[in-house]
Amino acid sequence: MRLAGSLQLALLLALTSRAAGLNVPLEVEQPPTLITYTSGPKTVLPFENNVTIKCEAKGNPPPEYRWTKDGEDFVPPYIATNATNHTGGSFVLHRKNLIQFQGKYRCYASNKLGTAITEETELIVTSNPKFPKEEIHPLVVKEGEPIVLKCNPPEGAAPRKIYWMTLGLQHIEQDERVSMGSDGNLYFSNALHNDSRQDYCCFASFSRIRTIVQKTAMAVMVNSSEPIPHRIPGLLLPSGVQTEKVLLKGEDLQLECIPEGFPTPMVTWMKMGEKLPPRKKTDMFGKLLTISAVDERDQGKYMCTAKNSAGEAVHYFDVIVEEPPKWLSEPPQSQLTVIGSDVYIKCSVSGKPPPDITWRKNGELIQDDPGSNRRVFDDTLVLNNAKPEDSAVYQCEASNSHGSLLANVNVMILNMAPLILTRDYQEYAVILGGDIIMNCSVFSSPPPDISWVKYDASETIEGERFLSLQNGSLQIISAEKGDSGKYVCAAFNTEGKSAVTAVLDVKDPTKIVDPPQDAQVISGSTAQLKCQAEYDKSLNSSFEVIWRKDGEQIPLSFEENSGAYKFRYLGDDGMLQIMNVNLSDQGIYTCIARTSLDKDNATALLTVLDVPDAPTNVRLSELKSPRIVTLSWVPGNDHNSSVIEFIVEYEESQWEPGTWQKLQKVPGNQATAELALHGHLNYQFRVYAVNAVGPGPPSEPTERYKTPPAAPDRNPENIKIQGHLPHQMDISWEPLLSFEHNGPGLEYKVSYRRLGVEDSWKDHLVNRHSFVVRNTTTFVPYEVKIQSRNSHGWGPEPKIVTGYSGEDVPTAAPQNVAVEVINTTVLRVSWTPVSPATVRGHLGGYNVHWLRKRSLLNPKKILDDRQSLSFPGKRSHAIVPGLEPYSEYRLTVSVFNKKGNGPNSDPVFFSTPEGVPEQVPVLTASNAQKDSILLVWGPPLEANGILTGYLLQYHLINETTLEVVDSQEMNIIGADTTQQQLQGLKEGSLYRFHLSACTRAGCGPPLAQEGNTISVGRAEGQQSNFSTRGWFIGTMCAVALLTLVVLMACFVQRNKGGKYAGTPPPCQRQDMFSMEKVKEKEDLHPDVESQAMNDDTFCEYSDSDEKPLKGSSLCSLNGNDTVGDSVSRDSLVDYADGGGEFSEDGSFIGEYSGPKHRGSGGEPSGPSPVTA
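Each step along the sequence shown adds one to the number in the numbering used here, with nothing skipped, and position 1165 is 1165.
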C-alpha cells in the first residue's frame, strides 16, 4: 500500500492551532514574531553601571524596531546589535543620569507584513537609601501611657528589614508590651520607668545592596506615677474601627493589632461567621495574624480584640482577595489559512476585577467595524472571508487594576505550492535492526498530500515496518540490509507539487567479539584487559573504544590534567593496560566500543591481590605461668587473597636488641597463639600475615613483657666425641643460645666414664662448649653426658652418648696375600683380614699397592710405575684393574683407619699374559695400477706381546651401492713387515682394506683405508715414468709418516709412569680404537668367564701408597671408560672365590681374557684363542 495521505498541518486549523506548531520557514515572507524581550518591572540597583532592555524578533523581511516610553516615542541612546541582526531592538542605558530614564517602555518590531509589540516594561532606578537629617526632641510621658517611636524608613531595593537597637547595638527587647509594627515604628502599650533612655535607634537593612542605614537616636523620659492608673485598651495600630485589606490570590495575609492600655492588653483573633483556617499562625505575642497563600475562601470579616482588666477594644478587617488577568487555557495562537477562509481569534482570560480586553492590529487599536469583514465581539476577533491584506499581527491585551496580559497573534492568509524544507539527497545511516526516520518537512497552503516511494523498485513501499508520520517523515522499523537505497518524498496541493530524494545506508552493527575477562592481578604488576570489536568499516573514522571504571570514564591520554591517572592507563588497539596496579584499581571495568551510530559494551571485574594489612589490637595475656602467655590480634584486610599463616616475631632487649626473630607460625584461620617464653628476657611481640602474594607489614609491637629468671630448659645438643691424638678424647657440643640461658651464670657439667667396665662418673664444670680428656687408653669406648645449669638451678637430666678415645695407626699387616690373574689387565687379590684389636681405630678399609717392575718385551729396562687402590670397609679380597699386558709386577696390601695406613704385607710377584696389539697407527694405499695397489703401514705403538705379523682383509666395493661384492684375507708373516703389494685386483675398482696387528694372544682392532685401481683408458697419454714417480712420492710420504709415528711413540713411552694424583693414567693402547667395533665384537664373542665381576671394583685409586683418592669411582683407569682392556664400571663387581665366574656381564674384559692364573708370581702361559 502506498504511503500517501493528506498530512493536515496542525497550524492550519483556525481555532485549535498552536503557535508552537506554526513553524513557517524564514524563506517564506512572514510578519515579525517576538523571540525574547524584557518583561515585568526591572529594578536598577545603585552599584549597577548599566542596564539592558531586550527586544528580539524574527521575520521576513527582517523586522525593524522602535520604542515608546510612557506612551511617547523614544529613541534609545545605545542600540545593542547581534550577529544575525545588526539593527536589533535591545538597547543599553548607562549609569550616568539613569534616573531620567525611569518609566514604562514598549518595543515595536515591524516589517511590511505587520508589527509585533511587547508588554510594557517598567524601569525602576533606585538610589542609596538614607534617613533625612533631623532634630528629634525627647519624648516625655508618664508611667502607664503609650509610646510610639516613629522610624519612617527610606525606600530602597527590596527586601528591607527594620531593627530597633541602642547605640551600643543591643537589640531593644520586645514582648507583649513592646513590639515593632509592620510600618517600622516601635510601640509601647504602656510606659514604665525603666523605658527611659537616650539612644533608641531605628536601623534599616537592605541586604540586596548590602547597606544598613541608621536614624538619629531618640530619647524617652518616663515620669514615675504612683500608683500607675489603669487604662482601658485602645489600638495604636491600626487606627479607627475598620480597615479594608485587598490582596492578590496566593499572597500571605497579615493582619496586625498593636494595643495600648494598662495592664498590658492581650490580643485575640476571630473570623466573623466561621473558624480561622488551619493555615493561620500568630506572631509578635499574638499581635500579628498570618494566613499563607490566600484564596477566595479566605475573604471575609476578621476581628481582633484587645482586652485587659479595665476593658477591651476591637477592630474589624474586611479582607478582599483579587487576582490579575490570566489565560483560562493558553494564549491565542498564530494561524495560517487559505484565502477566503474565516479566521477566529479568541482571547479567553480571567481575573478579579474582570479584565478589560482591547484589540490591536500591528500595534494600532481597532474597534468593531460592522461594515467590513472584521468584527470584534468582546474577547473574540472574527475575519470573514479573509483576504491576503488581512495578514497582520493582531494583539489581544487583557488588563485590570493588578496587571495586564498581551498576546501577539500572527495571521497569514495565503495560497502557496509545497515548499520542501528538507535538503535534497539527504543521507541517512542506521544500524541493522535499528529504527530510522527520514524527514520530509513541507510548508504549503493549503496543506499538501505527502507520499514516499523507493527509487529503484517498481513496487510501492508497504508493510508494517514502514510508518508515515504526521509531519510527513517516513519511519522504518527494524531496518534490514535490503532497505538501503534511495527514497523519494513527493508533496502536492492545489497550487503545485515538489519532491526530494533521501539516501539510506543500513550499516553492520558494532559488536564486541572478544570481551574483557574477569582477572586477578597482584598489586604492583601490570593488568591487561582485552576488548576486540567488529564494526562497519565505513564508520572507521568515528569508531573508538573507551573504558570506564565503576561508571567513570578513564582518561587514556597523557594530558597534564589527567591527575592520578597520568602515565598509568594505556589504551591501544582494544587493549587496556594498567601499569603498577594498586588497590584503588580494583573495580568493574566497562569496555565501550562505539561509532557515531551505535555502541556495544562489556564488563569485567578486576580483582587486585595484595599482601595482607598489618594485624591490629595485638594483646598479650598470661595463660598458665609468666612464661606461657597468649597473644591475640585482629587480622587486617587480606586484599582478596586468604591468609595462609600468621608469623609471630619477638625482639628482646638483652642479647640482640632491635633484631626481630621468628617465634611461631599460626594457621591463617586463627588469631591467637600460645607462646612458651624463655626466662630472664624483656620481650616485645608483633605479628604479620602471609598470603599467596607474600608477607604483609608487621603490626605495631606490644608493650614490653619481662619474664622471670629460671633454670635452663634444655641441655646442649649435637655432642661430638673425637680423638685427635692417640691418648686423649675431645668432647664438643652445641652451646645453648644466649636467649636460652634463662638466667645469669650459665655453665656446663661434663661427665664421662669408661663403657663396659666398673667405672665411676668423673665430673667437670666448664663455661665453654668443649672439653679434653687426657691420658686415655687408645681407642676405648666412653659414656658422656652434659648438663646445663645457671644461678637458678640445673637443667633436665641429660642423655648419655657414647664415643671413643683417640685413634692410632694400625699395627698389623694383612697375611696370606694371593693374586689370581683374570686377564691381561685385571687380577683378583685376596688376603686374611687383620685382627680388630690391631686396627686401633675405626676400620677404614684396605689399600692395594702394586709396582710394574718391567715389561717382558724389554726385560732389561727397570720400571718404577707405582699405583694403588683403596677398598673401604671390612673385606678379604678385591679386583684390581688397569694392569699392563705382558709385564712383571710386585703387589702388597695394608689396612688403614682415620689416622693412616698400617704396615704393608709381604710382597707378591706376578706377571700378566700377552694381549692383543693396539691398532696400527697409519695405513696408506698408493702406487695404484690397473690390477695392483701398494699398502704401507706403521707398527702398533703398543704390541702388548710378541708381534707375530698382520692380518689383512680387503673387499671389493660396488661404487654405486657401496655394498661389498667380494672379500679376501691374507696373513702377513713377520713383525717387521710394513708394506704389501697387492696383485690381481680388478681394474678401475674401489677397494676397502682392513689391517690388524697380531700376537700369540690374537689380532688387535683393524684400521680401515680405501683405494682405487686405475683403468687402461685413464692411463693412456701418460708418460711411461708416471707410475714410477707416483710410487716414489707415495713411499716418501709413508716414510715421513712412519717417522712421525715413531717420534710420538717415544714421547708417550717416556711419559709413562708419571704421577697423576686423583686421575688414573691414560691407556694409550686403545687410543684409536673404535668403541662401536668393540661393542660389535663383544656382541659376537661373549666370554663366560667375564660374568662374575662385583662391587669390589668400586674402590679408590692412587698412584702412591700415601695418597688414596677420596670420593672418586676408580673402576676405570683411563679418561673415557671405553677403550682397550679397561674395565667397565658395571663389570667388575663382587668377584667370588671358587668357581672363577663373574656374576654380571664381563664381556669387555672377557674380550681379551685368557685362562686364569693363580699364584704369587711366575711367567704367564701363552695366550688362549678367543672362542667365537
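Ideal Cβ placement from N, Cα and C applies to all residues, glycine included.
With a cut-off of 8 Å, do at least 3 Cβ pairs link the region 910 to 922 to the region 965 to 976? In short, these stretches do not touch, since the Cβ pair count stays below three.
Bridge partners for Y344 per DSSP, in chain order? According to DSSP, Y344 bridges with V382.
List the DSSP bridge partners of Y886. Beta-bridge partners assigned by DSSP to Y886: none are found.
Please report the straight-line C-alpha distance between P388 and L406, rounded to a whole angstrom. Approximately 25 Å, taken between the alpha carbons.
Closest to R465 by CA distance: which of I436, P446, P448 and S451 is it? When each option's Cα is compared against that of R465, the closest is I436.
S770 versus N682 - alpha carbon distance: If you take the alpha carbons of S770 and N682, they lie about 30 Å apart.
In the structure shown, what three-state DSSP assignment does E1151 receive? Here E1151 scores only 33 on pLDDT, less than 50, and its place in the model should not be relied on; the value that follows carries that caveat. The answer is coil: DSSP assigns E1151 none of H, G, I, E or B.
Note down, in chain order, each residue of its chain lying with its Cβ closer than 6 Å to the Cβ of R548, except the 5 sequence neighbours on either side. A distance below 6 Å between beta-carbons, with the five flanking residues on each side excluded, links R548 to the following residues of its chain, in chain order: T590.
Alpha-carbon spacing of Q694 relative to G679, whole angstroms: With the sequence shown as reference, residue 694 is identified as Gly, and Gln is not the correct amino acid for it. In this structure, the alpha-carbon of G694 lies about 33 Å from that of G679.
Skipping 5 residues on each side, what residues in its chain have a beta carbon closer than 6 Å to that of L1041? Taken in chain order, the residues that qualify are V922.
Leaving out five residues before and five after S653 in sequence, what residues of the same chain have Cβ atoms less than 7 Å from its Cβ? Cβ-Cβ distances below 7 Å link S653 to N682 in the same chain, with the five nearest sequence neighbours on each side left out; the list follows chain order.
C-beta contact flag for Y428 and L539 at 8 Å: Cβ distance not < 8 Å, so Y428 and L539 don't count as in contact.
Continuous alpha helix (DSSP H) stretch holding T115: start and end: For T115, no alpha helix (DSSP H) encloses it; the enclosing beta strand (DSSP E) starts and ends at G114 to I117.
Distance check for L985 and Q1213, CA to CA, integer angstroms please. Since the first residue of the chain shown is 1 and the last is 1172, residue 1213 is not available in this structure.
Residues in the same chain with beta-carbon distance under 8 Å from D550, minus the five sequence neighbours each way, listed in chain order, please. Closer than 8 Å at Cβ, skipping near neighbours: G587 and I588.
Classify A204 as buried or exposed, calling it buried when 16 or more other Cβ atoms lie within 10 Å of its own Cβ. Result: buried.
Which word fits M412, buried or exposed, when buried means at least 16 other C-beta atoms lie within 10 angstroms of its C-beta? Per the 10 Å Cβ criterion, buried.
For K799 and G841, which I take to be in contact (beta-carbon distance under 8 Å), what is that distance rounded to the nearest angstrom? The Cβ separation is near 25 Å, so there is no contact.
Quick check: the region 370 to 387 against the region 97 to 105, are there 3 or more CB pairs under 8 Å? Cβ pair count under 8 Å is below three, so no.
Quick one: give me the first and last residue of the alpha helix (DSSP H) that A837 is part of. Bounds of the alpha helix (DSSP H) holding A837 are P836 to V839.
Given R350 as reference, the closest of E364, E323 and S372 once Cα atoms are compared: According to the sequence provided, residue 350 is Ser. The question's Arg does not apply to it. Restricting attention to E364, E323 and S372, the CA atom closest to the CA of S350 is found in E323.
What does DSSP give as the partner residue(s) for C151 in the beta ladder? In DSSP, C151 forms no bridge with anything.
When you compare the CB positions of M438 and S473, do they come within less than 8 Å of one another, or not? Inclusion of M438 and S473 in the CB contact set at 8 Å is warranted, their separation being smaller than that value.
Which partner residues does P781 have in the DSSP bridge list? Note: P781 is bridge-paired with Y804 in the DSSP secondary-structure output.
Tell me which residues share the same chain as R279 and place their Cβ nearer than 8 Å to its Cβ, disregarding the 5 neighbours each side in the sequence. Within the same chain, R279 has close Cβ partners I291, S292 and A293.
Is it right to say P836 is buried, meaning 16 or more other beta carbons lie within 10 angstroms of its own, or is it exposed? With fewer than 16 other Cβ atoms within 10 Å, it is exposed.
So what does DSSP say about F47, is it helix, strand or coil? Looking at F47 - three-state DSSP - the assignment turns out to be coil, as it is neither helix nor strand.
Taking the continuous beta strand (DSSP E) assigned at V848, which residues delimit it? Its beta strand (DSSP E) spans residues L843 to S855.
Please classify H764: is it buried, with 16 or more other beta-carbons within 10 angstroms of its beta-carbon, or exposed? Per the 10 Å Cβ criterion, exposed.
Simplified DSSP assignment, three categories, for Q919: Coil at Q919, not helix or strand.
Just to confirm the assignment: which complete alpha helix (DSSP H) runs, minimum length 4, are found wholly within the region 726 to 778? Qualifying alpha helix (DSSP H) stretches: none in this window.
Endpoints, beta strand (DSSP E) assigned at S224: Careful: S224 lies outside any beta strand (DSSP E) and carries neither H nor E.
With the cut-off set at 8 Å, would you say P355 and N308 are in Cβ contact? Contact: no.
Quick one: grab the DSSP three-state call for G311. Look at G311 here: in three-state DSSP terms it is strand.
Can you check which of these residues, A490, K42 and T36, is closest to G88 by C-alpha distance? Answer by Cα proximity: T36.
By the DSSP assignment, the beta strand (DSSP E) with W655 in it spans what residues? No beta strand (DSSP E) holds W655; DSSP gives it neither H nor E.
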